[in-house]
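By the count of UniProt numbering, the sequence shown reaches residue 182 at its end, each step adding exactly one.
Beta carbons are placed, not taken as given, at the ideal position from N, Cα and C, and that holds for glycine.
In what follows, a structure is listed as structure tokens, so that the remarks can point back to it.
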Amino acid sequence: MERVVLAFENENTSRKVRALLEGAGLARGLICRTAAEVRLLLGQPQIPTVVCGYKLPDATAEELFFDLPAGRTMVLVAPENLLSLCGRSDGLVTLSTPLSRNALLEGVERALGLAQSVRLSVRPAGEEELIRRAKEWLMEQRGMDEGQAHRLLQQRSMICGRKLAETARLLLEREAGLALYG
1 MERVVLAFEN ENTSRKVRAL LEGAGLARGL ICRTAAEVRL LLGQPQIPTV VCGYKLPDAT
61 AEELFFDLPA GRTMVLVAPE NLLSLCGRSD GLVTLSTPLS RNALLEGVER ALGLAQSVRL
121 SVRPAGEEEL IRRAKEWLME QRGMDEGQAH RLLQQRSMIC GRKLAETARL LLEREAGLAL
181 YG
């Protein structure tokens with residue numbers, strides 16, 4: 001049986017979802033209360049999916065989704081008006097509340113299938129290095145922590161319709177140009 005992370009603001013919701021998934025024999029649920037706890041658990045490669053509500057005490061599901069390691073999926077359970085705020089992405093399964101038992105089971109099964117069979121593209125090492133260097137520059141020059149620098153790169157990427165690595169490359173090129181002419 002697969003293991004999934006369950007992260008909802010209300011711990012009773014997490015317990016109910018865990019009972020449902022385990023009762024159906026679909027997945028074993030590991031309950032987390034914060035996005036930070038989810039990130040720690042996802043360091044383990046054998047956990048493919050997060051099932052969560054829209055908001056956690058320390059992050060939104062959207063922020064958490066962008067921090068997921070490659071090949072991981074998320075099932076986001078929220079009211080339709082909050083789901084409409086999230087863009088559609090590979091690896092994200094959205095379920096509108098109120099939610100039926102079958103809809104939840106099907107959504108989790110779909111996310112587990114995505115994680116197993118359609119491994120999401122992994123960034124080449126060169127792209128990871130560009131992103132790391134751009135975050136370091138933002139942290140040094142703007143006094144940001146790593147999470148803030150990452151979110152800024154993500155936001156600029158989404159606004160401009162570019163990949164994160166491309167945004168990082170452009171930032172570093174601009175920074176190098178300023179250093180030459182500054």
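Note to self: Among the candidates ILE47, GLU11, LEU164, whose CA atom is the shortest distance from the CA of LEU153?
What the structure shows: In terms of Cα proximity to LEU153, the closest of ILE47, GLU11, LEU164 is LEU164.
Notebook entry, point to check: What number of angstroms, rounded off, separates the C-alpha of GLY25 from the C-alpha of LEU92?
Noted result: The alpha-carbon of GLY25 is positioned some 22 angstroms away from that of LEU92.
Check: Who are the near neighbours of GLU127 in its chain, counting only those whose CB is closer than 7 angstroms to its CB and skipping five residues on each side?
Finding: These residues qualify, in order along the chain: ALA165.
Item checked: Burial state of LEU99 (16 or more Cβ within 10 Å) -> Exposed, since its Cβ has fewer than 16 Cβ neighbours within 10 Å.
Next item on the list: Specify the secondary structure class of ARG28 as computed by DSSP and reduced to three states.
Entry: The answer is strand: DSSP assigns ARG28 an E or B state.
Check: Thinking just about the alpha-carbon of each residue, which of ILE159, ILE47, ALA7 is nearest to the one in ALA70?
Finding: For the residues ILE159, ILE47, ALA7, the minimum Cα distance to ALA70 belongs to ILE47.
Note to self: Considering just the uninterrupted stretch of the alpha helix (DSSP H) at THR13, what are its terminal residues?
What the structure shows: Run containing THR13: 11-23, per the alpha helix (DSSP H) assignment.
Item checked: Nearest to GLY29 (by Cα), restricted to the options ASN10, THR49, ARG39, GLY43 -> The shortest C-alpha separation from GLY29 is found at THR49.
Next item on the list: Per DSSP, which residues does LEU95 bridge with? Please list them.
Entry: For LEU95, DSSP records a beta bridge to VAL77.
Item checked: Residues that CYS86 bridges to, as DSSP identifies them -> Answer is none; CYS86 lacks a bridge partner.
Next item on the list: Locate the beta strand (DSSP E) running through ARG33, then write down its first and last residues.
Entry: Segment: none, ARG33 is in no beta strand (DSSP E) and carries neither H nor E.
Next item on the list: Determine the direct distance from the alpha carbon of LEU130 to that of PHE65, and round the result to whole angstroms.
Entry: Their Cα atoms are separated by approximately 21 angstroms.
Check: For GLY53, which beta-bridge partners are listed by DSSP?
Finding: DSSP, once it has assigned bridges, lists VAL77 as partnering GLY53.
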